[in-house]
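Each remark here refers to the structure printed beneath this line.
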Amino acid sequence: MHGTIVTYERMPRYTDRSIGYVKSDGHLHPVSPIQGSTDGSVSKSQSLQFMQDIRAEWETPAVKLRFKQDKLQTENIISLLLSNDEAAIEQLKADLRKTENTPEGRFMEALIRDIFESINNAGLDIRITIDQLGLKDHQNNGEKKLGKGKSVKKNPPKIPKKESLMTKFPEWKPILENPEDMIPKLFKNEAWQMIGSLIDANVDVEINRLLINSLFDQAATGIKKSLQILLLKKLMPRPYSI
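Here the numbering used here is used: the first residue of the sequence shown is -18, the next is one more, and so on.
Structure follows, in structure tokens:
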């Protein structure tokens, strides 16, 4: 999905990302710069066209039917998980195994993960754990839940990649702590070796987004062109052309 997400992030926006607030008539309003967009391009006309396209798509019977079906599937799975019905849960596990690695199965797994991640906010009293459905639990930082309010440590929590890199390469710390300001400076100073190292490290989504913004701001040649290719190979390991 990375390529799709990057494409979405680079879509024209109605306004740029807000950088602060201004108080007017007793109300705080987010404000953004008039020029020098930092989060894709800013085009009110194109942005409005995208919004109109989305609204027109929503009005089609096929999209409304799909939304209705997905909503019903979500409600049914929540009811099933709340019921603690062993037979129904076993059937859900069987459905997950049967549809594994298919679009239908991946959608169902994503839906179930969304439900488990929203348990606290939605006030859902679901007593089983996600690993009881045969799915790995990526959210509990190494703690396996035994029952409501109880857990046992399985593995120590992993150190976030950014923190690990700052420990391993102390000279990276100023950049990783303040990427919004520092990454554009790297490009301004043509610090190509450091930029290449960040691309190769694949630190996180935020760092990659900033690298993409500066790398693909215009047509490139030479070292910058090579770094564009490196980033594409690193983040999108599939056939591409540039």
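Even for Gly, the Cβ is constructed at its ideal location relative to N, Cα and C. Computed from a predicted model, the values in this text were never measured in an experiment.
Taking the alpha carbon of VAL23 as the reference point, which residue from PRO(-7), GLU144, PHE197, THR110 has its own alpha carbon closest?
Nearest of PRO(-7), GLU144, PHE197, THR110 to VAL23, Cα basis: PRO(-7).
On the three-pair Cβ rule with 8 Å, is the region 36 to 51 touching the region 68 to 81?
Not touching, per the Cβ criterion.
Which one of LEU196, LYS52, HIS8 has the shortest CA to CA distance from ALA172?
Of LEU196, LYS52, HIS8, the residue nearest in Cα terms is LEU196.
Quick one: Cα of ASN122 to Cα of GLN33, how far?
With a pLDDT of only 48 at ASN122, under the threshold of 50, the placement of this residue in the model should not be trusted; the figure read from the coordinates follows. Distance between the alpha carbons of ASN122 and GLN33 is about 42 Å.
Going by DSSP, what residue range makes up the alpha helix (DSSP H) through LYS214?
DSSP places LYS214 inside the alpha helix (DSSP H), whose first and last residues are 203 to 216.
With which residues is ARG224 paired in a DSSP beta bridge?
This structure leaves residue 224 out entirely; the chain is present only between -18 and 223.
Apply the 10 Å Cβ neighbour rule to PRO160 and answer buried if 16 or more other Cβ atoms are within range, or exposed otherwise.
By the 10 Å Cβ count, PRO160 comes out buried.
Between the C-alpha atoms of SER13 and ASP198, what's the straight-line distance to the nearest angstrom?
Here the C-alpha atom of SER13 lies approximately 20 Å from the C-alpha atom of ASP198.
Rounded C-alpha distance that separates GLU152 from ILE193:
Each residue's alpha carbon lies about 22 Å from the other.
Within 10 angstroms of the Cβ of ASP3, are there 16 or more other Cβ atoms? Answer buried if so, exposed if not.
The residue you asked about is not Asp; residue 3 is Val in the sequence shown. It counts as exposed.
Whole angstroms are fine: how far does the CA of TRP39 sit from the CA of GLY177?
Cα-Cα distance, rounded: 42 Å.
Verify the contact flag: SER145, CB atom, against every heavy atom of the ligand SAH, threshold strictly below 7 Å.
With respect to small molecules bound, the structure shown includes none, and the ligand SAH cannot be examined in it.
In angstroms, rounded to a whole number, what distance separates the CA positions of MET163 and GLY115?
Near 43 Å, if we compare the C-alpha coordinates of GLY115 and MET163.
Would you call the CB atoms of VAL186 and LEU157 closer than 8 Å?
Pairing VAL186 with LEU157 gives a Cβ-Cβ distance that is not under 8 Å.
Give the straight-line distance between the Cα atoms of ARG(-9) and ASN65, rounded to the nearest whole angstrom.
Annotation: ARG(-9) to ASN65 spans about 44 Å, alpha carbon to alpha carbon.
The beta strand (DSSP E) enclosing LYS4, as first and last residue numbers:
The continuous beta strand (DSSP E) containing LYS4 extends over residues 1 to 5.
Quick one, are the C-beta atoms of ILE58 and ILE100 less than 8 Å apart?
Using a Cβ distance threshold of 8 Å, ILE58 and ILE100 do not count as a contacting pair.
For LYS166 and LEU191, I'd like the C-alpha separation in whole angstroms.
Those two C-alpha atoms are separated by around 11 Å.
Based on the DSSP output, what are the partners of PRO11 in its beta bridges?
Paired residue(s): TYR2.
Taking 8 Å as the cut-off, decide whether the C-beta atoms of ASN189 and LEU216 are in contact.
Yes, Cβ-Cβ distance for ASN189 and LEU216 is below 8 Å.
Can you tell me where the alpha helix (DSSP H) holding THR55 begins and where it ends?
Counting along the chain, the alpha helix (DSSP H) containing THR55 begins and ends at 42 to 64.
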